[in-house]
Amino acid sequence: MPLDLMDGPCSSPSSSSAVVPPVDELLRRDQLRADEVQKRLSHNVGDDEANGPANSKVTQVNHLAKIKVELGSRKPAKTTASQLGIHPAATVGGGAGSGTLLPGVIQTVVLDTASDVPWVQCVPCPVPPCHPQTDTFYDPTNSGSYAAFTCSSSACRQLGPYANGCANNQCQYRVTYPDGSSTSGTYSSDLLTLNPTTMVNNFQFGCSHADQGNFDSQTAGVMALGGGPESLISQTASTFGRTFSYCLPPTASYVGFFVLGAPGVASSSSRYVVTPLLRDNRSPATFYRVLLRAVTVAGRRIAVPPTAASAGAVLDSRTVITRLPPTAYAAVRAAFRDSMRMYPAAAPKGSLDTCYDFRGIRSVILPRVTLVFDRDAAAVELDQSGILFNDCLAFAANRDDRMPVILGNVQQQTIEVLYDVDGGAVGFRRNAC
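Quick note: the sequence shown uses UniProt numbering, first residue 1, plus one each step.
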């Protein structure tokens, strides 16, 4: 599935008409998200803690990765499949949604590896409390395969912290995101089409009738990829084995991808740098964590303090800037500034305190930056596009050395990040998009 990044240095031409938030505002939102991710982990880690893959194109809005999916279906009038030009499609699961159906509506959703409940805005959805969107609003009454979960259903009972009571015997949900934004509505199911050959029957999602916070008009909702039972990854586990990957493109001239399932033959396992996923029953199942040992800048190795390393580094597709322990960040910053001393400095931008003025400079040479994981052999050199954000070093400091590292999406650009959840590993493949 093709994948884009939304508005920012890597935005697609089609997003040029959208309102792009100022850099300071984008960084403020990003800090809120990073703070909440760390808050959700801190009470644990601070106290001793066979089908082919489905593909999508990735694009970009507000420096967040998004894909287009098709949700719902329309039952045709008495018409044959040959008259409709319907082609058979592989399905995940069974039940409602099978048979001959007309296409549903295209929805643009943000990929989020740190949340569990997928959702889109649903009619009725007045603006406000809903946010404006360029996609057609999904109307469940027009779908021949839609169903709302009853309050006594197993799906509703298993919502756990996302349960929000009952209305007219329909299960209600609510999700609050790390940046303080939220969505609420009816927990539902419908047919999800990922590509022309892959459908997910009875796909469970939130039918949102209200949201608050920082949602872009170019997106209709969120495709949650976290480790919880409600996510797309868990719902399709019997078919794709809780394996997925994505590659975020560096600029609008490139296209990234999102793959549900194991990589194809062309991407053999030998091409990946592999590191174990950290397992800790005390931490939320939502997050994917790895052990970051060090960062190297221009060959200079900077160790991550043991207290932060033991907490793990959270891989987050929606956090923009990577957060490091202040001790490690100070050393990374010093090494980077030393390597960049030939370029004029510029004023800080929000949380980014190492910025440059490249006006009039035709070619900028950046030092090599490498992330070193559980052992020295597991080292991933960042792409040049993954080092700067708006001409500033794309790293920031946590408040103290005990807080977990967050690996943001700038550093992940052009790298395929492969999550083998059941196998307990994450792979990194450079120059993938």
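Idealized CB from N, CA, C, for every residue including glycine. Since we're looking at a predicted model, the values are computed, not measured.
Open item on the list: Three or more C-beta pairs under 8 Å: does that hold for the stretch 410-417 against the stretch 324-332?
Closed with: no
- [ ] Return yes when the Cβ of V58 is within less than 7 Å of the Cβ of D4, no when it is not.
- [x] yes
TODO: Count the other CB atoms, across all protein chains shown, that sit within 10 Å of the CB of P249; report buried if there are 16 or more and exposed otherwise.
DONE: buried
Open item on the list: Out of G360, V295, G423, which one is the CA nearest neighbour of T370?
Closed with: V295
Task: the stretch 358-372 touching the stretch 285-304, judged by at least three CB pairs closer than 8 Å - done: yes
TODO: Return yes when the Cβ of A224 is within less than 7 Å of the Cβ of S231, no when it is not.
DONE: yes
TODO: Can you grab the Cα-Cα spacing for the pair Q170 / T286, in whole Å?
DONE: 25 Å
- [ ] Just confirm the distance between the C-beta atoms of G241 and D422, as a whole number of angstroms; I'd bet it's less than 8 Å.
- [x] 6 Å
Task: Backbone CA spacing between G427 and A237 [nearest angstrom] - done: 19 Å
TODO: With a cut-off of 8 Å on the beta carbons, I'd call T243 and G261 a contact; round off their distance for me.
DONE: 6 Å
TODO: Spatial neighbours of V109 within its chain, please: CB distance less than 7 Å, with the 5 preceding and 5 following residues excluded, ordered by chain position.
DONE: K66, I67, V69, V120, T219, A220, G221, V222, M223
Task: Beta-carbon proximity check, L388 vs A394, cutoff 7 Å - done: yes
- [ ] Identify which residue in N214, Y138, V23, P132 has its Cα closest to the Cα of V123.
- [x] Y138
- [ ] Pick helix, strand or coil for P118, following the three-state DSSP scheme.
- [x] coil
Open item on the list: Please report the distance separating the alpha-carbon of S182 from that of D135.
Closed with: 20 Å
Open item on the list: Going by DSSP in three states, F240 sits in which element: helix, strand or coil?
Closed with: helix
Task: alpha helix (DSSP H) runs contained entirely in the stretch 104-163, provided each spans 4 or more residues - done: 154-157
Open item on the list: Using a 10 Å radius around the Cβ and a threshold of 16 neighbouring Cβ atoms, would you call A432 buried or exposed?
Closed with: buried
- [ ] Look at the Cβ atom of S339, then the Cβ atom of P306, and state whether they are nearer than 7 Å.
- [x] no
- [ ] For G386, count neighbouring Cβ atoms within 10 angstroms of its own Cβ and tell me buried if that reaches 16, exposed if not.
- [x] buried
- [ ] Could you please give me the residues that DSSP links to N195 through a beta bridge?
- [x] T198
- [ ] Answer with buried or exposed for residue 437, where buried requires no fewer than 16 other C-beta atoms within 10 angstroms of its C-beta.
- [x] Residue 437 lies beyond the stretch modelled for the chain, which goes from 1 to 433, so this question has no answer here.
Open item on the list: Could you compute how far the alpha carbon of N142 sits from the alpha carbon of G104?
Closed with: 9 Å
Task: Separation of V274 from R301, as counted between CA atoms - done: 20 Å
Task: Where the beta strand (DSSP E) through R429 begins and ends - done: 425-429
Task: Contacts around C207, its chain only, beta-carbon distance under 8 Å, and the 5 residues preceding and following it disregarded - done: W119, V120, C122, Y138, P140, A148, G185, T186, Y187, S188
- [ ] Could you check what DSSP says for Q411 in three-state terms: helix, strand or coil?
- [x] coil
Open item on the list: Please identify the residue among A346, L352, T113 whose C-alpha is closest to the C-alpha of F358.
Closed with: A346
Task: Proximal residues to F336 (C-beta, below 6 Å), its chain only, five neighbours per side dropped - done: V297, L393
TODO: For my contact list, E36 and D211 are in at a C-beta cut-off of 8 Å; report their separation, rounded to the angstrom.
DONE: With 8 Å as the limit, E36 and D211 do not qualify as a contact, their Cβ atoms being about 16 Å apart.
Task: Reduced DSSP category for Y329 - H, G, I as helix; E, B as strand; rest coil - done: helix
Task: Beta-carbon proximity check, Q158 vs G165, cutoff 7 Å - done: no
Open item on the list: Quick test of your reading: A34 and R323, contact by CB under 8 Å. State the CB separation rounded to the nearest angstrom.
Closed with: 5 Å
Task: Spatial neighbours of R40 in its chain, beta-carbon cut-off 7 Å, leaving aside the 5 residues before and after - done: P284
TODO: May I have the straight-line CA-CA distance separating A303 from S154, to the nearest angstrom?
DONE: 47 Å
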